[in-house]
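Worksheet: one structure, shown below.
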Amino acid sequence: MPQIDDKLAPIYEEVVRRNAGEPEFHQAVREVLESLGRVVAKRPDYLEDALIERICEPERQIIFRVPWTDDKGRVQINRGFRVQFSSAMGPYKGGLRFHPSVNVGIIKFLGFEQIFKNALTGLPIGGGKGGSDFDPKGRSDGEVMRFCQSFMTELYRHLGEYTDVPAGDIGVGAREIGYMFGQYKRLTNRYEAGVLTGKGLFYGGSLARKEATGYGNTYFTQAMLRTGGTDFDGKRVVVSGSGNVAIYTIEKVQEFGGKVIACSDSSGYIVDEAGIDLELLKEIKEVRRARISQYIRVKGEGNGAYFVKSGEGSIWDVACDVAMPSATQNELTGKDATRLIRNGVIAVGEGANMPCTPEAIRTFQQAGVKFGPGKAANAGGVATSALEMQQNASRDRWTFEQTESRLATIMRDIHDSCYTTAEEFGAPGDYVIGANIAGFIRVAEPMRAFGVI
Ligand code: NDP
Ligand code: 2IT
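For the sequence shown, the residue numbers in the numbering used here are 451 to 903.
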């Protein structure tokens, strides 16, 4: 197991002590601290003024009650969160997640990752994350609207285009952003388009934002493949999840000539050896909001098309050249990694946040598999959110092609800066070390300039 440098170990111990019962947050901090040993060896000045300790402590954490009434007239109570982690680079920026598994530790790990990810984009955005343990599954549009309105009725006082700018994440898409924007506008009496991103196209949203995370991961993974002299063309690809990130990953991989043969949701996974039929998948997931097994029900079983129920197998059993985990944290374990390697995987691009366990990452890297960590590989979503903010601020509207071409450049720049930083710090090919160090240095400099705040 990689060690934390002696000088940084007390920082990790303090984070664990102070944030008891938050294993995902500990995991995210540990990975960054493991990388930073190489930085403080060269630049001991980064140990001054408790700079690293300060990065690990959120600037502000907000936890609030969200009461709402369901369709049967019963009052429901959820918990809302916003962790404003770091405003060194710009206003807090990061998504909102609605999922029953949400708790403060999950939001903190996501907010912490977001600091470095946002810095890597090269755009002026700080790091934050929020959400609720609300479960949108099976809820009517009216219930979702009332929940979103109640959630925003507390959150709005903490937001602003220069303060904190949320967007979507798991369980939060265009519908939820619309309800939250409407409530923000009503409460503040301001048409402040730049306060949320991922908006609908008819009220200040950006073309290509919906596609950006999945497209971005595909550009990043393509750049990794090209360092080995290969590309997506003809590759077998497995993409877990079937939400926003997964669907637009599949779309871009197919455009690049790859064959996506499997995807999933929390009820199980499907395989289609003919290649996933994207129009059918979109119809089932985006329009009907149905379970993934419906794909096989419509398509018909046989000819290499089948469904495997959750608990009866893992999507990572499916042999592939490229794996793009795009569902949730810690969904790909060390065992899964070993199986993927045995089946010939050559590259892994994380579409989700922290989907591979530390053991899985180690296993991939030791086997020479190219591994793109989420904070670099999935940064296209938030980068395009920053482009949406630019369009809102200038009251302008860019074409799809303009926006996608900025995204493609940003992703190649992120790839190259991770690659060269890893080399510079004596870890060639290690994108984890490259991303953590490049992101850290960008945030550390303004922090130092601002003094002890
Ligand atoms: P969606 O809600 O659109 O889709 C999530 C997908 O992952 C669904 O298929 C869902 O299945 C599955 N999933 C979620 N939680 C679990 C779980 N606990 N177990 C098994 N499957 C699960 O979310 P996104 O596509 O937006 O987000 C996916 C990942 O990408 C997350 O890690 C998110 O943080 C990350 N991400 C998202 C960005 C964005 O712009 N949206 C940007 C960068 C990263 P089911 O429907 O059955 O729950
Ligand atoms: O994890 C992420 O980067 C996101 N969910 C997107 C955040 C954003 O502000 O667009």
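All C-beta atoms, glycine included, are put in the ideal place defined by N, C-alpha and C.
For this session: Output yes or no for whether 8 Å exceeds the beta carbon distance between Gly824 and Glu563.
Result: Along the sequence shown, one-based indexing puts residue 824 at 374. Along the sequence shown, one-based indexing puts residue 563 at 113. Taking 8 Å as the cut-off, the Cβ atoms of Gly824 and Glu563 count as close.
Problem set entry | Cβ neighbour criterion (16 or more within 10 Å) applied to Asp880 | Residue 880 sits at position 430 when you count from the first residue of the sequence shown. Around the Cβ of Asp880, a 10 Å sphere holds 16 or more other Cβ atoms; the residue is buried.
Exercise. With a cut-off of 8 Å, do at least 3 Cβ pairs link the stretch 707-716 to the stretch 677-689?
Worked result: Yes, the stretch 707-716 is in contact with the stretch 677-689.
For this session: State yes or no: is the C-beta of Lys567 nearer than 7 Å to some heavy atom of the ligand 2IT?
Result: As a first step, residue 567 must be located in the sequence shown, where it is residue number 117. Within the cutoff, so yes.
For this session: Please state whether DSSP places Asn469 in a helix, a strand or coil.
Result: Start at 1 with the first residue of the sequence shown, and residue 469 comes out as number 19. Three-state DSSP puts Asn469 in coil, outside helix and strand.
Exercise. Measuring CB to CB, does Pro508 end up less than 8 Å from Gln534?
Worked result: Within the sequence shown, residue 508 is the residue found at index 58, counting from 1. Within the sequence shown, residue 534 is the residue found at index 84, counting from 1. Cβ distance < 8 Å, so Pro508 and Gln534 count as in contact.
Exercise. What residues in its chain sit with their C-beta under 8 Å from that of Leu458, if we drop five residues either side in the sequence?
Worked result: For the purposes of this step, residue 458 is taken as residue 8 along the sequence shown, with counting starting at 1. Closer than 8 Å at Cβ, skipping near neighbours: Leu483, Leu486, Gly487, Val490, Ile502.
Problem set entry | Top-ranked residue by Cα proximity to Arg792, from Ala817, Ala777, Ile811, Pro775 | By one-based count along the sequence shown, residue 792 stands at place 342. The closest CA to that of Arg792, considering only Ala817, Ala777, Ile811, Pro775, is found on Ala817.
Exercise. Is the distance from the Cβ of Glu854 to the Cβ of Ala658 below 8 Å?
Worked result: By one-based count along the sequence shown, residue 854 stands at place 404. By one-based count along the sequence shown, residue 658 stands at place 208. In this structure, the beta-carbon distance from Glu854 to Ala658 falls below 8 Å.
Problem set entry | Per-residue burial, Ile527 [other beta carbons within 10 Å of its own, 16 or more giving buried] | The count along the sequence shown starts at 1 and reaches residue 527 at position 77. Its Cβ having fewer than 16 others within 10 Å, Ile527 is exposed.
For this session: Note down, one range per segment and in chain order, each beta strand (DSSP E) of at least 3 residues found wholly within the stretch 574-630.
Result: Within the stretch 574-630, the complete beta strand (DSSP E) runs of at least 3 residues are 577-582, 614-617.
Problem set entry | Helix, strand or coil at Tyr641 [DSSP, three-state] | Here residue 641 refers to the residue found at position 191 when the sequence shown is read from its first residue. Per DSSP, reduced to three states, the secondary structure at Tyr641 is coil, with no helix or strand assignment.
For this session: Check whether the Cβ of Ala696 lies closer than 7 Å to any heavy atom of the ligand NDP, and answer yes or no.
Result: Counting from 1 along the sequence shown, the entry for residue 696 is found at position 246. At least one heavy atom of the ligand NDP is found less than 7 Å from the C-beta of Ala696.
Exercise. When you compare each of Thr571, Cys598, Ser536 to Gly578 by their alpha carbons, which one comes out closest?
Worked result: What you label residue 578 is simply residue 128 of the sequence shown in a count that begins at 1. The residue among Thr571, Cys598, Ser536 with its C-alpha nearest the C-alpha of Gly578 is Ser536.
Exercise. Would you say Ala802 touches the ligand NDP, meaning its beta carbon is less than 7 Å from a heavy atom?
Worked result: Indexing the sequence shown from 1 puts residue 802 at position 352. Yes, the Cβ of Ala802 comes within 7 Å of a heavy atom of the ligand NDP.
Exercise. CB of Thr647 to nearest heavy atom of the ligand 2IT: below 7 Å?
Worked result: Looking up residue 647 in the sequence shown gives position 197. Indeed, a heavy atom of the ligand 2IT lies less than 7 Å from the Cβ.
Exercise. In its own chain, which residues sit with a C-beta less than 6 Å from the C-beta of Leu675, not counting the 5 before and 5 after it?
Worked result: Walking along the sequence shown from the start, residue 675 turns up at place 225. Cβ neighbours of Leu675 beyond the five flanking positions: Asp681, Ala797.
Exercise. Can you find at least 3 beta carbon pairs, one from the stretch 734-749 and one from the stretch 769-779, that sit closer than 8 Å?
Worked result: Judged by Cβ distances under 8 Å, the stretch 734-749 makes no contact with the stretch 769-779, as fewer than three pairs qualify.
Problem set entry | Given 8 Å, three or more beta-carbon pairs between the stretch 650-657 and the stretch 828-844 | Note that the stretch 650-657 touches the stretch 828-844; at least 3 beta-carbon pairs, one per stretch, sit closer than 8 Å.
Exercise. Between the beta-carbon of Leu646 and the beta-carbon of Tyr634, is there less than 8 Å?
Worked result: To locate residue 646, count along the sequence shown from 1; it is residue 196. To locate residue 634, count along the sequence shown from 1; it is residue 184. Yes; because the gap between Cβ atoms is below 8 Å, this pair is in contact.
Exercise. CB of Ser835 to nearest heavy atom of the ligand 2IT: below 7 Å?
Worked result: Reading the sequence shown from its first residue, position 385 is the one you call residue 835. For the ligand 2IT, at least one heavy atom lies less than 7 Å from the Cβ of Ser835.
Exercise. Mapping DSSP to helix, strand and coil, what is Arg738?
Worked result: Within the sequence shown, the letter at position 288 stands for residue 738. DSSP, read as helix, strand or coil, puts Arg738 in coil.
Exercise. Looking at Ser692 and the ligand NDP, is the gap between the Cβ and the nearest heavy atom below 7 Å?
Worked result: Mapped onto the sequence shown, residue 692 falls at position 242. Under cutoff, so the answer is yes.
Exercise. Considering only C-alpha positions, which residue in the set Val466, Arg504, Pro452 is nearest to Glu481?
Worked result: By 1-based counting over the sequence shown, the position of residue 481 is 31. Taking only the C-alpha atoms, the option nearest Glu481 is Pro452.
For this session: Could you name each continuous beta strand (DSSP E) segment of 3 residues or more that falls completely within the stretch 701-776, going from the start of the chain to the end?
Result: Qualifying beta strand (DSSP E) stretches, in chain order: 709-715, 718-722, 755-759, 772-774.
Exercise. How many Å lie between Glu873 and Ala769 at the Cα?
Worked result: The residue you call residue 873 lines up with position 423 of the sequence shown. The residue you call residue 769 lines up with position 319 of the sequence shown. Each residue's alpha carbon lies about 31 Å from the other.
Exercise. Rounded to a whole number of angstroms, what is the C-alpha to C-alpha distance between Ala662 and Gly830?
Worked result: The residue given as residue 662 occupies position 212 in the sequence shown. The residue given as residue 830 occupies position 380 in the sequence shown. In a straight line, the C-alpha of Ala662 is about 5 Å away from that of Gly830.
Problem set entry | Spatially closest choice to Ser764 from Val748, Tyr698, Thr788, by CA coordinates | Residue mapping note: residue 764 aligns to position 314 of the sequence shown, counting from 1. Distance check between Ser764 and each of Val748, Tyr698, Thr788 places Thr788 closest, using alpha-carbon atoms only.
Exercise. For the ligand 2IT, is there a heavy atom less than 7 Å away from the beta-carbon of Asn842?
Worked result: Sequence index remark: in the sequence shown, residue 842 carries index 392 (1-based). The answer is no for Asn842.
Problem set entry | Contact test: Ser485 Cβ vs the ligand NDP heavy atom, cutoff 7 Å | Position 35 of the sequence shown, counted from the first residue, corresponds to residue 485. Answer for Ser485: no, Cβ out of range of the ligand NDP.
For this session: Assuming Arg547 contacts Ile620 (C-beta within less than 8 Å), just tell me the rounded distance between them.
Result: To locate residue 547, count along the sequence shown from 1; it is residue 97. To locate residue 620, count along the sequence shown from 1; it is residue 170. That pair is a contact at about 5 Å.
Problem set entry | Bounding residues of the beta strand (DSSP E) (the contiguous stretch that carries Tyr881) | To locate residue 881, count along the sequence shown from 1; it is residue 431. For Tyr881, there is no enclosing beta strand (DSSP E); the residue is found in the alpha helix (DSSP H) stretching over 881-899.
For this session: Reducing DSSP to helix, strand and coil, say where Ser855 ends up.
Result: In the sequence shown, counting from the first residue as 1, residue 855 sits at position 405. Note: Ser855 maps to helix in three-state DSSP.
Problem set entry | Assigned secondary structure, Ala500 (DSSP; H/G/I helix, E/B strand, else coil) | As a position in the sequence shown, residue 500 is number 50, starting the count at 1. Three-state DSSP puts Ala500 in a helix.
Exercise. Going by alpha carbons, who is nearest to Ala885 out of Ile903, Phe900, Ile864?
Worked result: Your numbering for residue 885 matches position 435 in the sequence shown. Ranking the options by Cα distance to Ala885, first place goes to Ile864.
Exercise. Cβ of Glu626 within 8 Å of Cβ of Val594?
Worked result: Sequence index remark: in the sequence shown, residue 626 carries index 176 (1-based). Sequence index remark: in the sequence shown, residue 594 carries index 144 (1-based). The answer is yes: Cβ separation under 8 Å.
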